[in-house]
Amino acid sequence: MSSYAIISLGGKQYRVHEGERLLVDRLRADEGATVEPRVLLVGGDGAPDLSPSAAVTARVVGHELGEKIRIGKYRRRTGYKKHTGHRSKLTRIEIESIGAGKRGAKSAAKPKAAEETAAPKAEAPKAPEGAGLPEGYASMTIAQLSEAAGGWSREQVEAALEHERSGKARKGALSALESALEETK
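The end of the sequence shown is residue 1020 by this note's numbering, with every number in the run present.
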């Protein structure tokens, strides 16, 4: 009896064997990428393991469209007829291995790599408070900004407007700052 696994992909469960190809709901992985679905059960060689530590590795073969489903609506004696259709977006995967490695070892290695890539992003330059921006500008909501902008000097309004255009570009903040700039003329 060959080994099999029950995996969960996209909220659905599949019973898979090594080398098997199957269609699943569209995955975000590119073609040729490997995917490790959640393993629910491993069995076949003896008693089934309900809390498996083995990993299942699948390779994305390609993305496809499913068979066309035709839908027709009809209401009698009114002349109402409506036809539409639907094709599901699917991904074809191939199961490469079952139980090839321990899941705990691979999942422990991933957070370290994520921390290394997240560290440079956290060091993004922030706009200095003394660069003409009013005090507490970074924590202001758009409503607070539109109220307070009337009491700012022209240089502060221009600095805030420049900050918004170079950063988030919040639509409401831009319009509030532009109207405050016109009022200070």
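Idealized CB from N, CA, C, for every residue including glycine.
With C-beta atoms as the reference, is residue i less than 8 Å away from residue j?
i: residue 898; j: residue 861; result: yes
i: residue 838; j: residue 867; result: no
i: residue 851; j: residue 871; result: no
i: residue 971; j: residue 990; result: no
i: residue 996; j: residue 1013; result: yes
To the nearest angstrom, how far is the alpha carbon of residue i from that of residue j?
i: residue 901; j: residue 910; result: 29 Å
i: residue 905; j: residue 893; result: 32 Å
i: residue 1002; j: residue 933; result: 47 Å
i: residue 969; j: residue 841; result: 59 Å
i: residue 854; j: residue 888; result: 20 Å
i: residue 847; j: residue 913; result: 41 Å
Which class does residue i belong to by DSSP, given the choice of helix, strand or coil?
i: residue 998; result: helix
i: residue 931; result: strand
i: residue 985; result: helix
i: residue 1007; result: helix
i: residue 843; result: strand
i: residue 882; result: strand
i: residue 968; result: coil
Going by DSSP, what residue range makes up the alpha helix (DSSP H) through residue i?
i: residue 899; result: Counting along the chain, residue 899 falls outside any alpha helix (DSSP H), though it belongs to the beta strand (DSSP E) covering 889–900.
Just curious, the beta strand (DSSP E) that residue i is in, first and last residue?
i: residue 857; result: 856–860
i: residue 907; result: 904–910
i: residue 921; result: 915–921
Could you tell me which residues DSSP puts in a beta bridge with residue i?
i: residue 848; result: 843
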